[in-house]
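The sequence shown begins at 1 in the numbering used here and counts up one residue at a time.
Contents: one structure, followed by commentary.
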Amino acid sequence: MTRRILIVDDQPQICELYGMFFEREGMRTSRAATAEECLTRVDGDKPDVVLLDINLAEEDGLDVLTRIKQAHPRTRVVMMTGMGYVDDLLREALNRGADGYVSKGLPCEELLQAVKRVMP
């Protein structure tokens, strides 16, 4: 069974890089740059995992996380941050239902392991 991953980031180069990497690993990917696009794709694509930037341009990633978990409580969400590991933000993400978190600076192999850990 092919795993599906949705990559959500307002930086197109991040979506492209991670998308190409996960596709090489045999996963089907989709990408979103905005909160609304993310929610539409979660509804339609039914991803196994959402890789969600905590700091989207138009909406707080934590609010998007809450909306995903309310509509699709079984969808796994891994939060991404480019700010390093900020304890308060990560604690809040876990309190809102995040299944994990990663730094955007991680090597792709470590990112893959983080995603695999939360896959159903």
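Ideal Cβ placement from N, Cα and C applies to all residues, glycine included.
> Whose C-beta lies closer than 8 Å to the C-beta of THR2 among residues of the same chain, with five residues either side of it excluded?
Replying inline: GLY26, MET27 and ARG28
> Are ARG4 and PRO73 touching if we call contact CB-CB under 8 Å?
Replying inline: no
> Should ASP53 and VAL118 be called a contact, given that it needs their Cβ atoms to be closer than 8 Å?
Replying inline: no
> Does the beta-carbon distance from VAL78 to LEU39 come in below 8 Å?
Replying inline: no
> Hey, quick one: how far does the beta strand (DSSP E) through ILE7 stretch, first residue to last?
Replying inline: 4-8
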